[in-house]
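Novice: Read the sequence shown against this note's numbering and you will find it ends at 230, with the numbers running on by one and no gaps.
The structure's right below; bear with me while I get my questions together.
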Amino acid sequence: MLRIVLLCLALTWNSVAGAAEIGDDGLHKEDWFSITFRDVAEDIVAAKEEGKRLVIVFEQRGCIYCREMHEKLLADPEVRDFIKANFKVVQYNMFGDEEVTDVDGEVLTEKTAARKWGYVFTPTIVFMPEEAQQEVSVRDAAVATMPGAFGKWTFLNMFRWVHEKGYQKDEHFQTYHARLIQELRASGRLDAE
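Right, dumping it as structure tokens:
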């Protein structure tokens, strides 16, 4: 009987430990996400000063794929630690009313920014350049965008590709990703994608 009780407690602890905290806005939260005034040009500069790149992540209340991203991908130490070390992540609510200043200076709300930039899926992860470009919108300034939910290796490899500035090289992300998957498979590390 004691074993059954201990097993139930362990299962309960594991499900609680993997659960992401939910904020007042209904979005899943990470304590290492950056809270800013959502002035994208300023956030790009601040990220660079920290030796990082700015990433904007759009989410929405009740998004099962956002929950998976937090509970599975961002809870994975390999994924989380790489992103924390190399990127400044700012969370936006796809239907939020918080003020946002686009790189081109236009003041919007989170929801009007999502519409202006053409983002319709959550999560959508937007990778910004190292330098703020004047007179262009986030959509046009972004070096890469990851719409929707993906498995661990696609997710992590996109962050790696951007970190390595793959968008400036001849190797397309899909080729880069396929090469890394083959390397993982050869080393016996490919668990699931």
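Think of the CB as a built atom: it goes at the ideal place given N, C-alpha and C, for glycine as much as any other residue.
Would you tell me roughly how many angstroms separate the C-alpha atoms of R155 and Q219, rounded to the nearest one?
Specialist: Here the sequence assigns Gly to residue 155, which means Arg is not the residue at that position. One C-alpha to the other measures close to 33 Å.
Novice: Work out the CA separation of V127 and Q171 for me, nearest whole Å.
Specialist: 20 Å
Novice: Which residue's Cα is closest to the Cα of Y129: D207, K89, G63, Q205?
Specialist: Minimum Cα distance to Y129 is reached at G63.
Novice: Do A181 and V199 have their beta-carbon atoms positioned less than 7 Å apart in this structure?
Specialist: yes
Novice: Could you name the residues of the same chain whose beta carbon sits closer than 7 Å to that of G203, not counting the 5 residues immediately before and after it, in chain order?
Specialist: Closer than 7 Å at the Cβ level, and outside the excluded window around G203, lie F210, Y213.
Novice: Compute the beta-carbon to beta-carbon distance between M131 and T159, rounded to the nearest angstrom, for a pair I have assumed lies under 8 Å.
Specialist: 5 Å
Novice: Could you check if Q205 is buried or exposed, using at least 16 other CB atoms within 10 Å of its CB as the buried criterion?
Specialist: exposed
Novice: List in chain order: all unbroken beta strand (DSSP E) runs of 3+ residues lying wholly within the region 120-200.
Specialist: 124-130, 136-138, 144-146, 161-164, 181-184
Novice: Measure the Cβ-Cβ separation of K125 and S71 and say whether it is below 7 Å.
Specialist: yes
Novice: On the criterion of 16 or more Cβ atoms from any shown chain inside 10 Å, does L46 qualify as buried, or is it exposed?
Specialist: Because L46 sits at a pLDDT of 42, beneath the cut-off of 50, its placement in the model cannot be relied upon, and the point is left open.
Novice: I need the DSSP call for E58, collapsed to helix, strand or coil.
Specialist: strand
Novice: Does G203 come out as helix, strand or coil in the three-state DSSP assignment?
Specialist: helix
Novice: Check whether the Cβ of R197 lies closer than 7 Å to any Cβ atom in chain B.
Specialist: Among the chains in the structure shown there is no chain B, since it carries only a single protein chain.
Novice: Mind checking whether V163 and A179 have CB atoms under 7 Å apart?
Specialist: yes
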